[in-house]
Each structure stands twice: as structure tokens, then as C-alpha cells.
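What follows is one structure encoded as C-alpha cells, with my remarks underneath.
In the working numbering, the protein residues as written are 33 to 298.
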């Protein structure tokens, strides 16, 4: 178990942390083997768990939870969110309104088996549509990092306190690499950069780092992610990746990939 203290820096971040606390409470009856916190909060938690000056924390206003298909098919998590004042809008998207009229939002996601662009239409599970994301199956099968979180919200007298399972750094890097392949979003590049900065400082203390084993690195979603990451090396070398918030040096990103991720076979 890892304990972290977080200070919320904006009203939008407050909403995101409240959503995260709601997911933690609603998931109390679900085994930690069956869900993970993903998205922006995943990277935030890892940056706090593995303090890294070169990593950039990115704020997010909602909470994303990755769940197994069996959890999606059941009603427990769904009902627990409804009991906390949420309503569903698109099957896997939940919203509630706080006392100030602001929206607090939660998305439930399921594994997408493969890489590339996810299915354009949601995957139906027990009559509800779920967005499927690549790499989540790997993350759910890998050992999670359990994080005890205390959040100081802006202007609030009480802290939020909760425990969540997040993918450790290798699984998070695979998720974010395959996410970039799916949508080529700048936020994914920034998160990939932060995760590799964590690897640079903390590789020996990570729960798992299969890329150190050539046999593991050369198969499955480790290999899928390695292909994506070395595509970024190629794009950086051709000047196709520009500096952005959270990624000040594409050349450093490429160097970290070369150092820590074995190049896939041609």
C-alpha cells in the first residue's frame, strides 16, 4: 500500500477528485483484481507515488475506471453509483450535479482486445453500451498499485480520503501508448513522457517491468506498445513531434524510449 497527499489546484480538479472518491466508495464490494483507475488520475497517482521532478501532473475534471466485462455485466457498481446520486447518459457515462450546480462525471470502460482505433460504436454488455480501450486487459491482469489517497480540496475544511487500485507504471505506459495510437492526443504524449521519466528514476522499485526481459518484451501488448513508442522515436527524429505542455523535449522522450523499451523486430 502506498500513501499519498494531493492538493487540488483548481475547481475542475476538485470535481475530478470528488468523482474519483465516489468511484472508490461505489467499488468497495468489487475485488481489486476487477477494476483499475485509469486516465489522467492514473498518471497523477503514479507521479505522487513515485516523486519525479521531470514528470508533469495533468489535471482532469472527471474519473475513469476500467472494469472487467463481468463487472460491466453486473449491476452492483451501476447501482452503487445511482445510490450516490448519479444518473447514466450513455450506458457507461455517469453524471451528478453538486451543490453548486457543477457536473461530476464518471466513465466506466472495458477492455478492447487489439490495437489501433477502438470500435466506433460502444460495446453492448447486458443491455448497456461501454467504450472499450486497448491495453486495459493487460492492466487488469497485472499487479496493481494500491494507493491510499488524501486530497485537500480548494476551500474545503475536510479532506477526501479513499483507496484506489491503479495500474503500476509499466501497465500505465502500455495503456497510454495504445491510447495515443488510437487517438493521437497531445495529453497522451505528455503522460507517456511523465511515465518514462518515472521509469528513469524508479525502475528498480517498480512492481513489474517486463521490458527488462527480452522474451516478455517481444510478445503481447508489451510488443504492441513498443511498436507505438518506437514510432514516436521515428516521428521525433523527423521533427513531427513538437514541444507541448508536459513534453518540453521530444528528443529526450525519444532517448528515454530507446533506453528503456527494446526496439521491436522489423
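All C-beta atoms in this analysis are idealised placements derived from N, C-alpha and C, irrespective of residue type, glycine included.
Own chain residues within Cβ distance below 8 angstroms of residue i, not counting five before or after
i: residue 119; result: 126, 127, 128
i: residue 296; result: 250, 255, 258, 259, 262
i: residue 163; result: 124, 139, 141, 142, 150, 154, 155
i: residue 281; result: 275
Local Cβ density within 10 Å of residue i, reported as buried at 16 or more and exposed below that
i: residue 70; result: buried
i: residue 144; result: buried
i: residue 298; result: exposed
i: residue 55; result: buried
i: residue 64; result: exposed
i: residue 39; result: exposed
i: residue 274; result: exposed
i: residue 33; result: exposed
i: residue 72; result: buried
i: residue 102; result: exposed
i: residue 107; result: exposed
i: residue 188; result: exposed
i: residue 216; result: exposed
i: residue 135; result: exposed
Alpha-carbon spacing of residue i relative to residue j, whole angstroms
i: residue 155; j: residue 255; result: 25 angstroms
i: residue 98; j: residue 270; result: 35 angstroms
i: residue 221; j: residue 208; result: 8 angstroms
i: residue 94; j: residue 286; result: 30 angstroms
i: residue 41; j: residue 182; result: 14 angstroms
i: residue 123; j: residue 170; result: 24 angstroms
i: residue 176; j: residue 88; result: 22 angstroms
i: residue 198; j: residue 168; result: 11 angstroms
i: residue 214; j: residue 276; result: 19 angstroms
i: residue 278; j: residue 219; result: 8 angstroms
i: residue 241; j: residue 202; result: 6 angstroms
i: residue 236; j: residue 159; result: 44 angstroms
i: residue 110; j: residue 130; result: 19 angstroms
i: residue 121; j: residue 212; result: 26 angstroms
i: residue 157; j: residue 84; result: 39 angstroms
Cutoff 6 angstroms; reference residue i; Cβ partners in own chain excluding five residues on either side
i: residue 112; result: 58
i: residue 249; result: 243, 294
i: residue 196; result: 56, 69, 179
i: residue 45; result: 91
i: residue 266; result: none
i: residue 223; result: 75, 208
i: residue 77; result: 179, 198
i: residue 184; result: 39, 191
i: residue 165; result: 141, 144
Contacts around residue i, its chain only, beta-carbon distance under 7 angstroms, and the 5 residues preceding and following it disregarded
i: residue 86; result: 229
i: residue 232; result: 288
i: residue 239; result: 175, 177, 200
Query raised in the report: Counting pairs of beta carbons, one from the stretch 216 to 230 and one from the stretch 285 to 297, are three or more of them closer than 8 angstroms?
Result: Yes, the stretch 216 to 230 is in contact with the stretch 285 to 297.
**Report entry** Touch test, the stretch 43 to 54 against the stretch 180 to 193, Cβ-Cβ under 8 angstroms, three pairs minimum
**Finding:** Counting Cβ pairs under 8 angstroms, three or more are found: they touch.
Query raised in the report: Where in the stretch 94 to 167 do unbroken runs of the beta strand (DSSP E), each at least 3 residues long, occur, reported from the N-terminal end onward?
Result: Segments of the beta strand (DSSP E) lying fully in the stretch 94 to 167: 94 to 99, 125 to 129, 135 to 144, 155 to 157, 160 to 166.
**Report entry** Every unbroken beta strand (DSSP E) inside the stretch 166 to 209 [3 residues or more]
**Finding:** Runs of the beta strand (DSSP E) inside the stretch 166 to 209: 176 to 184, 192 to 199.
Query raised in the report: Where in the stretch 230 to 287 do unbroken runs of the alpha helix (DSSP H), each at least 4 residues long, occur, reported from the N-terminal end onward?
Result: Fully enclosed alpha helix (DSSP H) runs of no fewer than 4 residues occupy 246 to 249, 252 to 269 of the stretch 230 to 287, in order along the chain.
**Report entry** Any beta strand (DSSP E) of 3 or more consecutive residues that is wholly inside the stretch 44 to 96
**Finding:** With a minimum length of 3 residues, the continuous beta strand (DSSP E) runs that stay inside the stretch 44 to 96 are 67 to 70.
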